[in-house]
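In our numbering, each residue's number is its place in the sequence shown (first place is 1) plus 360.
Note that the Cβ used here is the ideal one computed from N, Cα and C, for glycine as well.
What you are looking at is a predicted structure, and each value in this text was computed from that prediction instead of being measured.
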Amino acid sequence: MTMRWSDAPATYGIAALTILVSAVLLVTGWLPAAALSAGFIPGRVDAGAVSAPVTLLPVVVTPLTATLIHGGILHLLFNTVMLVYCGKQAERALGARGLIGLYVVGAYAAAVGQWVAGPGSVVPMVGASGAISAIVAAYALLYGERRPKAIGPIPAGVVNVIWLAAAWVGVQLLVGAGQGNQPVAIAAHIGGFLAGLALARPLLLWRWRGA
């Protein structure tokens, strides 16, 4: 199937921008400075600043700028594939504005999750995995075939979402293992995923209100 920009402009636009910025940082060797300057650092939320040899962006924008920075080719490739695969389908249901809103809220929810897990951490969180987790969750709710059976009082649809979330986190752990000692922001993925679960249906209703 031929991919057309008009089919999912928000998804392809986010993917193109992410690939461009991440590739430039990886090729030029600016990744460490960019991660420190534009990555989300939980310790900056309360402390207000972290001593650094580079100019730090305002902490309030770093959950978004962090999504444009990736620690390696494998990290970038996997996130891009998941973004395009799930994003173009979610955008069909939610529209471009809904997809962008979901991505942005997912990025901030991921930052909140990372902050809750380690409010004093000075390790920069980078990558779009948290924001993409929100899209994966929306995709699961909107297009899940609900193949798993119910477990006790837990409905089949919820079981399906749980399995997808576990698989997503598991693959992220494998990707992180491939990146050596680079930590995997599990709390960020959970935060983004929960945001996607909460927003998928409201955004769907908002887009098709009055239809």
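Q) Can you name, in chain order, every residue of its own chain whose Cβ lies under 8 angstroms from the Cβ of R561, other than the five neighbours on each side? A) Mapped onto the sequence shown, residue 561 falls at position 201. Around R561: L501.
Q | Euclidean distance between Cα positions of A558 and P402 | A | On the sequence shown, position 198 is the one that residue 558 refers to. On the sequence shown, position 42 is the one that residue 402 refers to. If I take the Cα positions, the gap works out to 24 angstroms.
Q.
Please tell me whether, using a cut-off of 7 angstroms, the distance from the CB of L380 to the nearest non-hydrogen atom of the ligand NAP is below it.
A. As for the ligand NAP, it is missing from this structure, which has no ligand bound.
(Q) Restricting to Cα atoms, I'd like to know which of G478, I492, L462, W566 is closest to T378. (A) If you number the sequence shown from 1, residue 378 lands on position 18. Ranking the options by Cα distance to T378, first place goes to I492.
Q.
In this structure, how does DSSP classify I495 when only helix, strand and coil are distinguished?
A. As a working mapping, residue 495 is identified with position 135 in the sequence shown. Residue state, collapsed to three classes: helix.
Q: Report yes if the CB atom of I495 is closer than 8 angstroms to the CB atom of Y463, and no otherwise.
A: Position 135 of the sequence shown, counted from the start, is the residue given in the question as residue 495. Position 103 of the sequence shown, counted from the start, is the residue given in the question as residue 463. Yes.
Q: Within its chain, find whatever has a CB closer than 7 angstroms to the CB of V419; leave out the 5 residues flanking it on each side and keep chain order.
A: Along the sequence shown, read from residue 1 onward, the residue named residue 419 stands at position 59. These residues qualify, in order along the chain: R404, V405.
Q) Based on Cα-Cα distance, which residue from A548, L436, S397 lies nearest to L380? A) Taking the sequence shown and counting its residues from 1, one reaches residue 380 at position 20. When only C-alpha atoms are compared, the closest one is L436.
Q. Using 8 angstroms as the Cβ pair cut-off and three pairs as the minimum, do the stretch 449 to 466 and the stretch 387 to 402 touch?
A. no
Q: State buried or exposed for Y503, treating a residue as buried only when at least 16 other CB atoms are found within 10 Å of its CB.
A: The residue labelled residue 503 in the question sits at position 143 within the sequence shown. Its Cβ having fewer than 16 others within 10 Å, Y503 is exposed.
Q | Among L417, T427, L434, W390, nearest to S489 - alpha-carbon criterion | A | Within the sequence shown, the letter at position 129 stands for residue 489. Cα-wise, what sits closest to S489 is T427.
Q.
So the candidates are W475, D367, A376; which of them puts its Cα closest to the Cα of G551?
A. Locating residue 551 in the sequence shown gives position 191, where the first residue counts as 1. When only C-alpha atoms are compared, the closest one is W475.
Q.
Please confirm whether P515 has its beta-carbon closer than 8 angstroms to some beta-carbon of chain D.
A. The chain inventory of the structure shown lacks chain D, comprising one protein chain alone.
Q: Might you give, ordered along the chain, the residues of its own chain that have their beta carbon closer than 7 angstroms to the beta carbon of L563, omitting 5 neighbours on each side?
A: Counting from 1 along the sequence shown, the entry for residue 563 is found at position 203. Excluding positions up to five away in sequence, the list reads L454, G458, G461, L462.
Q.
Considering Cα atoms alone, identify which of W523, V486, L386, A526 is closest to T425.
A. One-based indexing of the sequence shown puts residue 425 at position 65. Comparing Cα-Cα distances from T425 to each of W523, V486, L386, A526, the minimum goes to V486.
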